[in-house]
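Chemist: Quick one: this structure, given as structure tokens, is what I'll be asking you about.
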Amino acid sequence: MYMKKQDSNKDNLILFPGLGMRLLEKGLEYLKQQKYRDALQYLEQALEFEPENSDLYVGLVLAHYETGNLKQAKEIAAEMLKSGRGDYGKVIEIYLMILVQLNEYQEVVTTIEGLLEEQEIPREKHEHFMKMLEFGRKMNNGAEKQEGTERDDEQPEELEFDLFVLADINKQALALGNLTNVNIRPYIKGLKKYAESEEGNPFIKTMLVNILREQEYSEEMAVSKFGWKESFTPALLPDVKEYMEASGVLPLLADVIENDDPVLNEQVQSLVERYFFLLYPFKTPVGSPNDWAGAIHFIANEYYGFDNPLGEFADLYSSHHEEAAKVLRFIRELEEISYPII
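For the sequence shown, the UniProt record's numbering gives the first residue as 1, with consecutive numbering after it.
Here it is, written out as structure tokens:
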């Protein structure tokens with residue numbers, strides 16, 4: 001849907017010396033600036049001239065990942081591992097990060113177990129990979145909570161837990177991940193401090209609230225995101241998947257796209273999951289489900305390099321143009337938020 005574009009000048013391209021490297025450098029520069037759509041456009045052009053450049057492939061993986069095209073990112077990373085292209089340790093970490101985002105925990109476990117068997121994990125990374133292996137096994141097997149999940153009225157000894165000490169978002173995500181299968185209540189003071197602070201990463205706050213929900217924490221707590229502040233009772237919240245489905249955006253997109261373009265449908269679903277994960281557990285601050293569907297369809301189309309106006313997509317979903325534009329502006333803010341490499 002709306003994937004047609006004006007005739008390309010690609011066939012008339014004059015091959016200047018060093019053009020491939022210039023395209024690559026430009027793409028990597030856009031990647032650093034978090035302009036992922038522009039980065040993807042330049043990197044894909046550079047691929048025609050620099051098909052063996054490992055930095056190019058790493059850039060493509062990251063650009064696809066950040067634009068929500070996780071399956072394509074996974075395929076490229078897997079091919080890099082198979083061909084031995086790029087720094088193996090770096091590529092395997094990126095690959096595992098993508099698997100976690102895709103909820104492919106069995107593949108996480110299989111991959112790390114294979115690395116252990118082949119003794120291919122660097123000594124300095126051994127602890128990190130073992131924690132990821134434990135996390136993958138737990139998520140894959142649906143391990144039961146340990147007996148440490150006492151009732152809320154049983155006050156366990158308070159333990160210090162300060163996520164702000166960990167400046168790196170990846171370390172924050174790993175620290176929270178380590179709490180998924182232990183009683184979280186001794187750490188509640190530090191967790192509440194992070195959740196209600198105006199600072200802190202929205203992705204990490206979603207992780208935090210969801211862990212409390214899973215452990216049926218039934219006391220009200222404040223959460224701050226994007227300048228909003230509201231109190232929630234984690235035990236009463238839906239899980240993230242139910243929250244996304246309740247938004248009503250996914251079926252609207254599927255009705256328009258699914259039959260005509262399954263690939264694009266996967267792309268927009270990934271975008272919905274990305275944006276609403278960051279919003280959880282708040283209600284959408286602007287627009288209706290129709291407005292969100294129009295804006296997200298526009299962004300997915302834009303990722304492929306097409307320039308159909310937003311109004312065309314707003315009309316597809318019976319959305320008001322002004323409201324769709326407000327949603328689009330808000331989504332642009334969401335796209336600037338960093339994701340952890342778990």
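For each residue, glycine too, the CB sits at the ideal point set by N, CA and C. Just so we're clear, the structure is a prediction, and the values are computed from it rather than from any experiment.
For residue 229, which of helix, strand or coil comes out of DSSP?
Modeler: For the purposes of this step, residue 229 is identified with residue 229 of the sequence shown, where counting begins at 1. Looking at residue 229 - three-state DSSP - the assignment turns out to be strand.
Chemist: Grouping DSSP H, G and I as helix and E and B as strand, with all else coil, what is residue 334?
Modeler: Looking up residue 334 in the sequence shown gives position 334. In the structure shown, residue 334 sits in a helix (DSSP, three-state: H, G or I).
Chemist: Nearest to residue 70 by alpha carbon, out of 186, 254, 272?
Modeler: Here residue 70 corresponds to residue number 70 of the sequence shown, with the count starting at 1. Considering only alpha carbons, the answer is 272.
Chemist: To the nearest angstrom, how far is it from the Cα of residue 126 to the Cα of residue 266?
Modeler: In the sequence shown, residue 126 corresponds to position 126, counting from 1. In the sequence shown, residue 266 corresponds to position 266, counting from 1. Using only the alpha carbons, I get a separation of about 34 Å.
Chemist: Check the DSSP bridge columns for residue 221 and list the partner residues they point to.
Modeler: Counted from its first residue, the sequence shown places residue 221 at position 221. Partner(s): 232.
Chemist: Contact between the region 98-107 and the region 52-70 is defined here as three or more beta-carbon pairs at a separation below 8 Å; is this criterion met?
Modeler: Flag = yes, the region 98-107 and the region 52-70 touch.
Chemist: Within 10 angstroms of the Cβ of residue 206, are there 16 or more other Cβ atoms? Answer buried if so, exposed if not.
Modeler: One-based indexing of the sequence shown puts residue 206 at position 206. That one is buried.
Chemist: Per DSSP, what kind of secondary structure is residue 289 in: helix, strand or coil?
Modeler: Position 289 of the sequence shown holds residue 289. It is helical.
Chemist: What is the DSSP secondary structure of residue 200, reduced to helix, strand or coil?
Modeler: Taking the sequence shown and counting its residues from 1, the one referred to as residue 200 is at position 200. Residue state, collapsed to three classes: coil.
Chemist: To the nearest angstrom, how far is the alpha carbon of residue 30 from that of residue 36?
Modeler: As a first step, residue 30 must be located in the sequence shown, where it is residue number 30. As a first step, residue 36 must be located in the sequence shown, where it is residue number 36. Going by the C-alpha atoms only, they are around 7 Å apart.
Chemist: Can you check which of these residues, 24, 41, 128, 180, is closest to residue 304 by C-alpha distance?
Modeler: If you number the sequence shown from 1, residue 304 lands on position 304. The option with the nearest alpha carbon to residue 304 is 41.
Chemist: Give the DSSP-derived three-state secondary structure of residue 280 in the structure shown.
Modeler: The residue given as residue 280 occupies position 280 in the sequence shown. Reduced to three states, the DSSP call for residue 280 is coil.
Chemist: Contact check, residue 327 vs residue 300 under 8 Å by CB: the rounded distance?
Modeler: Position 327 of the sequence shown, counted from the first residue, corresponds to residue 327. Position 300 of the sequence shown, counted from the first residue, corresponds to residue 300. Not confirmed; about 14 Å, so no contact.
Chemist: May I have the straight-line CA-CA distance separating residue 256 from residue 309, to the nearest angstrom?
Modeler: Here the question's residue 256 lines up with position 256 in the sequence shown. Here the question's residue 309 lines up with position 309 in the sequence shown. Roughly 17 Å between the two C-alpha positions.
Chemist: Assuming residue 184 contacts residue 212 under a Cβ cut-off of 8 Å, what Cβ separation, rounded to an integer in Å, is found between them?
Modeler: Position 184 of the sequence shown, counted from the start, is the residue given in the question as residue 184. Position 212 of the sequence shown, counted from the start, is the residue given in the question as residue 212. 6 Å between Cβ atoms; contact.
Chemist: Residue 111 by DSSP, collapsed to three states: which one?
Modeler: Mapped onto the sequence shown, residue 111 falls at position 111. Residue 111 falls in the helix class under three-state DSSP.
Chemist: Pull up the distance between the alpha-carbon of residue 134 and that of residue 122, whole angstroms please.
Modeler: For the purposes of this step, residue 134 is taken as the residue at position 134 of the sequence shown. For the purposes of this step, residue 122 is taken as the residue at position 122 of the sequence shown. If I take the Cα positions, the gap works out to 18 Å.
Chemist: I want to know whether the region 310-320 touches the region 195-206 - three or more CB-CB distances under 8 Å.
Modeler: They do not touch, by the three-pair rule.
Chemist: Can you tell me the Cα-Cα spacing of residue 290 and residue 329, whole angstroms?
Modeler: In the sequence shown, counting from the first residue as 1, residue 290 sits at position 290. In the sequence shown, counting from the first residue as 1, residue 329 sits at position 329. When rounded, the distance between both Cα atoms is 15 Å.
Chemist: Considering residue 37, what are the terminal residues of the alpha helix (DSSP H) in which it resides?
Modeler: As a working mapping, residue 37 is identified with position 37 in the sequence shown. Unbroken alpha helix (DSSP H) run through residue 37: 36-47.
Chemist: Using C-beta distances below 6 Å, list every residue in its chain close to residue 28, excluding the 5 sequence neighbours before and after it, in chain order.
Modeler: Counting from 1 along the sequence shown, the entry for residue 28 is found at position 28. Taken in chain order, the residues that qualify are 59.
Chemist: Is residue 39 close to chain B, meaning its C-beta is less than 9 Å from at least one C-beta of that chain?
Modeler: This model lacks chain B altogether, as it is built from one protein chain only.
Chemist: Mapping the DSSP letters down to three states, classify residue 258 as helix, strand or coil.
Modeler: In the sequence shown, residue 258 corresponds to position 258, counting from 1. Of the three classes helix, strand and coil, the one that applies to residue 258 here is coil, per DSSP.
Chemist: Select from 43, 129, 164, 269 the residue whose C-alpha is nearest the C-alpha of residue 195.
Modeler: By one-based count along the sequence shown, residue 195 stands at place 195. With distances taken between Cα atoms, residue 195 lies closest to 164.
Chemist: Take residue 253 and list the residues in its own chain whose beta-carbon comes closer than 8 Å to its own, dropping the five residues that flank it on each side.
Modeler: Translated into the one-based positions of the sequence shown, residue 253 becomes position 253. Closer than 8 Å at the Cβ level, and outside the excluded window around residue 253, lie 265, 268, 269, 272, 293, 296, 297.
Chemist: Within 10 angstroms of its Cβ, does residue 46 collect 16 or more other Cβ (buried), or is it exposed?
Modeler: On the sequence shown, residue 46 is found 46 positions in, with the first residue counted as 1. Residue 46 should be labelled buried.
Chemist: Within a Cβ cutoff of 7 Å, which residues of the same chain sit near residue 161, ignoring the five residues on either side of it in sequence?
Modeler: On the sequence shown, residue 161 is found 161 positions in, with the first residue counted as 1. Once the five neighbours on either side are set aside, the close Cβ partners of residue 161 are 187, 190, 191.
Chemist: Look up residue 19 in the DSSP assignment and say whether it is helix, strand or coil.
Modeler: Here residue 19 refers to the residue found at position 19 of the sequence shown. Three-state result, residue 19: helix.
Chemist: Looking only at its own chain, which residues have a Cβ that is under 6 Å from the Cβ of residue 105, when we skip the five neighbours before and after it?
Modeler: Counting from 1 along the sequence shown, the entry for residue 105 is found at position 105. So the qualifying residues of the chain are 136, 139, 140.
Chemist: Is it right to say residue 90 is buried, meaning 16 or more other beta carbons lie within 10 angstroms of its own, or is it exposed?
Modeler: Along the sequence shown, one-based indexing puts residue 90 at 90. By the neighbour-count rule (16 or more Cβ atoms within 10 Å), residue 90 is not buried but exposed.
Chemist: Rank 193, 214, 111 by C-alpha distance to the C-alpha of residue 181 and give the top, closest one.
Modeler: Counted from its first residue, the sequence shown places residue 181 at position 181. Considering only alpha carbons, the answer is 214.
Chemist: Please report the distance separating the alpha-carbon of residue 251 from that of residue 130.
Modeler: Residue numbering aside, residue 251 sits at position 251 when the sequence shown is read from its first letter. Residue numbering aside, residue 130 sits at position 130 when the sequence shown is read from its first letter. Using only the alpha carbons, I get a separation of about 39 Å.
Chemist: Measure how close the beta-carbons of residue 81 and residue 49 come, nearest whole angstrom, since I'm counting them as under 8 Å.
Modeler: Along the sequence shown, read from residue 1 onward, the residue named residue 81 stands at position 81. Along the sequence shown, read from residue 1 onward, the residue named residue 49 stands at position 49. Contact flag wrong, Cβ pair sits at about 24 Å.
Chemist: Using the rule of at least 16 other Cβ atoms within 10 Å of the residue's Cβ for burial, across every protein chain shown, is residue 281 buried or exposed?
Modeler: Here residue 281 refers to the residue found at position 281 when the sequence shown is read from its first residue. Answer is buried; the Cβ neighbour count reaches 16.
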